[in-house]
Amino acid sequence: MEPVDEAKFRGGTAQIRLKWEPVGTLAEGEWYAISVRFIDRKGQIEHKGDRVRKTTWRVPEEYYSIASLAERAFEWDITVQREIINPDGTMGGIPISPTSETWVFYWR
């Protein structure tokens, strides 16, 4: 829902909040997995994100400082995941929904 696809923001202190439609009530151990991808200053693809139970999330200001100076496009999408325990004992998640449409915003 927000920001609109291809929205433009200026400056490292911009307050960027992602917002999406809820899928209904999340069960215990389920969350929204936020995936944000962008090119870093070394020209590599950075994969960042978080997992939350609400339908909004603020993009950390640090993403601005590690993004490429030339390429400032940030792609993002959401997947609902269920919590699992990985074979090595760490917590992880498995997708239980299709990935949302991918949107992009520009942060210059």
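The opening position of the sequence shown corresponds to residue -1 in the numbering used here, with each subsequent residue numbered one higher. Don't be surprised by glycine CBs; every beta carbon is placed ideally from N, CA and C. Because the structure is a prediction, the values reported are computed rather than measured.
- Taking C-alpha positions only, I94 is separated from F103 by approximately 26 Å.
- Residue burial annotation: I43 is exposed, with fewer than 16 other C-beta atoms found within 10 angstroms of its C-beta.
- Annotation: E4 is outside any beta strand (DSSP E) and is labelled neither H nor E by DSSP.
- Within 10 angstroms of the beta-carbon of V78 lie 16 or more other beta-carbons, which makes it buried.
- If only uninterrupted alpha helix (DSSP H) runs of at least 4 residues are considered, those enclosed by the segment 21 to 72 are 60 to 64.
- For V57, same chain residues with a beta-carbon under 6 Å away, outside a window of 5 residues either side, are I14 in chain order.
- Per DSSP, the continuous beta strand (DSSP E) segment holding W105 begins and ends at 101 to 105.
- In the structure shown, I83 falls within a strand segment according to DSSP collapsed to helix, strand and coil.
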